[in-house]
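Student: Heads up: the sequence shown begins at -8 in this note's numbering, then just goes up one per residue.
Built from N, CA and C at the ideal position, the CB exists for glycine as well.
This structure is a prediction, so every number in the text was calculated from the model and none was measured.
Below is the structure I would like to discuss, written out as structure tokens.
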Amino acid sequence: MARPHEPGGRPADEPPEAGQDRRELIRLAAVELFARHGYRGTTVRAIAERAGVDPALVMYHFGSKENVFSTVIRETMRAEELLPELPHLLDEVADTDSADDPAADGKCPGGPGSRLLRGFLTRWEDAATRPSLLVVFRSAMEHPEASQLFREVAGGELLLPLARRIPAPDPELRAVLVASLLVGLVTGRYVVPIEPLAGMELDTVVGLYGPYADDMLLGRLGGSPPPGLPDA
């Protein structure tokens, strides 16, 4: 029995890599158009035209525009990509000497929150990954459909893996607090740039925000404010 063909007359007996290449072309075209026009302003036909394929091929690989966008979000927000420090983030919490020594074992200085913050911001500093991240964050801010997808993916891909690694009371709450800090920070630094934050060196940003992230992960929640801030 002859195998089915992809839409547009593409034979199904092509190597699997050919179909994956077309799928990736569609995904990259979607990233570009979502960045320019937002979720609602981008159509399946426009994605197909930008990718140089038939619109039916977009539907063949993804099923709907929502699924294209969901794929962009999921592939952009994979924990191993966004939080490269996560696997070993809290493995050495007690090793304060290595945490305080930037030369120790090549690790970043500061506590686990600071290392998490640096790893996350490093992805935003990379010109190759920033466009996809901007698509996700801007769309989530503008459209309810995109916002819902963002919440679902962020919860499953980022918050749960982070919460599972926090050896302190209320790990789910701590994960949400740290995530809120990260979202607010990248919004003011990259999505809607606000000076002087947008122009600061990465080390300066980590030095300013890292201690707060450290406290959110392992400190006493609801404790005294950091030095220099008045009691509530």
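1) Closest by CA to V197, which one among G146, R109, D45?
2) Under 8 angstroms between the Cβ atoms of L140 and S61?
3) Scan the segment 89 to 177 and note each continuous alpha helix (DSSP H) run of 4 residues or more that stays entirely inside, going in chain order.
4) Express the C-alpha separation of R41 and I157 in angstroms, rounding to a whole number.
5) What's the C-alpha gap between G179 and I185?
6) Restricting to runs no shorter than 4 residues, where is the alpha helix (DSSP H) found entirely within the segment 177 to 216?
7) Closest to E15 by C-alpha separation, out of V59, R31, R27, would be which residue?
8) Please classify H52 as buried or exposed, where buried requires at least 16 neighbouring CB atoms within 10 angstroms.
9) Between the segment 159 to 168 and the segment 109 to 119, can you find at least three pairs of beta-carbon atoms closer than 8 angstroms?
10) Report buried or exposed for E148, applying the criterion of at least 16 other Cβ atoms within 10 angstroms of its Cβ.
11) Taking the Cβ atom as the reference point for each residue, do V239 and V44 lie within a distance shorter than 8 angstroms?
12) Can you tell me the Cβ-Cβ gap for R129 and V182, rounded? I've got them flagged as a contact below 8 angstroms.
13) Mind checking D12: buried by the 16 CB within 10 Å criterion, or exposed?
14) How many angstroms separate the CA atom of P152 from the CA atom of G210?
15) Tell me the DSSP secondary structure of T34 in three-state form.
Tutor: Checking against the coordinates, here is how it stands:
1) Along the sequence shown, read from residue 1 onward, the residue named residue 197 stands at position 206. It is R109.
2) Counting from 1 along the sequence shown, the entry for residue 140 is found at position 149. Counting from 1 along the sequence shown, the entry for residue 61 is found at position 70. Yes; because the gap between Cβ atoms is below 8 angstroms, this pair is in contact.
3) 103 to 116, 121 to 133, 135 to 145, 151 to 154, 162 to 177
4) Translated into the one-based positions of the sequence shown, residue 157 becomes position 166. Translated into the one-based positions of the sequence shown, residue 41 becomes position 50. Cα to Cα, I157 sits roughly 43 angstroms from R41.
5) Numbered from its first residue, the sequence shown carries residue 179 at position 188. Numbered from its first residue, the sequence shown carries residue 185 at position 194. Computed Cα separation, rounded: 5 angstroms.
6) 193 to 209
7) Working through the sequence shown from its first residue, we reach residue 15 at position 24. Answer by Cα proximity: V59.
8) Within the sequence shown, residue 52 is the residue found at index 61, counting from 1. H52 is buried by the Cβ-count criterion.
9) no
10) To locate residue 148, count along the sequence shown from 1; it is residue 157. The residue in question, E148, is buried, as its Cβ has 16 or more Cβ neighbours within 10 Å.
11) In the structure displayed, the chain extends from -8 to 223; residue 239 sits before or after that span and is not available.
12) In the sequence shown, counting from the first residue as 1, residue 129 sits at position 138. In the sequence shown, counting from the first residue as 1, residue 182 sits at position 191. The pair is a contact, with the Cβ atoms about 6 angstroms apart (cut-off 8 angstroms).
13) Residue numbering aside, residue 12 sits at position 21 when the sequence shown is read from its first letter. So D12 counts as exposed.
14) As a working mapping, residue 152 is identified with position 161 in the sequence shown. As a working mapping, residue 210 is identified with position 219 in the sequence shown. Taking the straight line joining both Cα atoms gives about 19 angstroms.
15) Your numbering for residue 34 matches position 43 in the sequence shown. Reduced to three states, the DSSP call for T34 is coil.
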